[in-house]
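Participant:
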Amino acid sequence: MPELPEVETIRLTLLPLIIGKEICEVGVLGRRVIEQTSRNRIRKLLFGNRINACLRRGKYLILQGKDFSLLLHFGMSGGLTFFPQGSPPHKHTHLVVRFSDRSELHYHDPRTFGRIKLYGSLSLQEIPELSHLGWDPLEEEISLSHLRQAFRRRKACIKLALLDQRLIAGIGNIYASEILFHASIDPLKPANQLSEKELGRLHRAIHGVLRGAIREGGTSIISFRNAEGKRGGYQNLLQVYGREEEACPRCQAPILNRPLGGRSTYYCPHCQKPNPDPGRTIS
DNA sequence: AATACTACCTGCGTGC
DNA sequence: TGCACGCAGGTAGTAT
Numbered sequence: 081m082p083e084l085p086e087v088e089t090i091r092l093t094l095l096p097l098i099i100g101k102e103i104c105e106v107g108v109l110g111r112r113v114i115e116q117t118s119r120n121r122i123r124k125l126l127f128g129n130r131i132n133a134c135l136r137r138g139k140y141l142i143l144q145g146k147d148f149s150l151l152l153h154f155g156m157s158g159g160l161t162f163f164p165q166g167s168p169p170h171k172h173t174h175l176v177v178r179f180s181d182r183s184e185l186h187y188h189d190p191r192t193f194g195r196i197k198l199y200g201s202l203s204l205q206e207i208p209e210l211s212h213l214g215w216d217p218l219e220e221e222i223s224l225s226h227l228r229q230a231f232r233r234r235k236a237c238i239k240l241a242l243l244d245q246r247l248i249a250g251i252g253n254i255y256a257s258e259i260l261f262h263a264s265i266d267p268l269k270p271a272n273q274l275s276e277k278e279l280g281r282l283h284r285a286i287h288g289v290l291r292g293a294i295r296e297g298g299t300s301i302i303s304f305r306n307a308e309g310k311r312g313g314y315q316n317l318l319q320v321y322g323r324e325e326e327a328c329p330r331c332q333a334p335i336l337n338r339p340l341g342g343r344s345t346y347y348c349p350h351c352q353k354p355n356p357d358p359g360r361t362i363s
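Taking our numbering, the leading residue of the first sequence gets 81, the next gets one more, and so forth.
1. Residue 28 and residue 346 look like a contact to me (Cβ under 8 Å); what is the Cβ gap, rounded to whole Å?
2. Is the distance from the Cβ of residue 173 to the Cβ of residue 126 below 8 Å?
3. Using 8 Å as the cut-off, can you tell me whether the region 203 to 223 makes contact with the region 130 to 144, which would need three or more C-beta pairs spanning the two stretches below that distance?
4. Does DSSP classify residue 112 as helix, strand or coil?
5. Near residue 181, which residues of its chain fall below 7 Å by C-beta distance, leaving aside the five closest residues on each side in sequence?
6. Measuring alpha carbon to alpha carbon, tell me which of 95, 170, 296 ends up nearest residue 312.
7. If I follow the unbroken beta strand (DSSP E) through residue 278, where does it start and stop?
8. Output the residue ranges of the beta strand (DSSP E) runs that lie fully inside the region 129 to 194 and measure 3 residues or longer, sorted by chain position.
9. Measuring straight from C-alpha to C-alpha, what distance separates residue 309 and residue 161?
10. Note the first and the last residue of the continuous alpha helix (DSSP H) segment covering residue 207.
11. Tell me, which residues are paired with residue 107 by DSSP?
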């Protein structure tokens, strides 16, 4: 489910609710999402400690205390919900963190593609899942030369390169289509064949689309909710994703959906022409 | 090193 | 209604 804007939305809604709170009880339910080594340590390391920080890198969320980093990934269908008065766990709740003021944080994930892992006092760079991530578009400004270098050896199409978390961390299937539409770039174009103009537009579109989605509180197509259980609003601003056969909002041509690497890719064949570069600017 | 393919899951909408 | 089927926002592992 969540891509960078959704994880950031969860983080922003969570910050005022859990920072500084003392953990008084931890429930680990099911066995798929949390591997055995983390299960064994989780109560010992979390019990009696406070949440000092709530961070994000790419699509990962990190809850930090004095001696622990709890790493969460939401896979396709995961989420975090805060309950001010506590709540019985649902069918697909995998982790319950109870605070001393009786409020609770629940991690749920029906499809169990998400993962939770507990580390001791490591720096973020020492956490293996985070060490291979590429540039986080919000964390540090990606320069044009970064983009150029990331794509230089990539003969694969730009849509698939955008999904590669080792190059840029946080873009998923929805925002890859949206970003390429905003940048007027053909999703099938090999990443290493983008012109300087296209790289410039891509650079602006990555920031513009992701920041716009965060401003709207994320995209809620199927099930996304923030930590307070509220839907986002960016699904109303999607230009091409999920709009197969609808009219392109710019030129009225029908939107196409072609699978790339086994995943739906929505685009306008007129605004995102293979050749030549349409030279459009981003509005 | 880059690429292609597979496996891992449940839920929902659709068509019969 | 019930059932089979396809599809869904992601990543890791393996083979080439």
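A virtual CB, placed ideally from N, CA and C, is assigned to each residue, including glycine.
Facilitator: On the basis of the supplied data:
1. Nothing about residue 28 can be reported from this structure: the residues present for the chain run from 81 to 363 only.
2. Contact flag unset, no.
3. Proximity of the region 203 to 223 to the region 130 to 144 meets the contact definition, three or more beta-carbon pairs being nearer than 8 Å.
4. Of the three classes helix, strand and coil, the one that applies to residue 112 here is coil, per DSSP.
5. 101.
6. That would be 296, whose Cα lies nearest to the Cα of residue 312.
7. Not the beta strand (DSSP E): residue 278 falls in the alpha helix (DSSP H), residues 276 to 295.
8. Correct list: 133 to 137, 140 to 144, 149 to 153, 159 to 163, 173 to 179, 184 to 188.
9. Answer to the nearest angstrom: the Cα atoms are 6 Å apart.
10. Element bounds for residue 207: n/a, residue is neither H nor E.
11. Answer is 176, bridged to residue 107.
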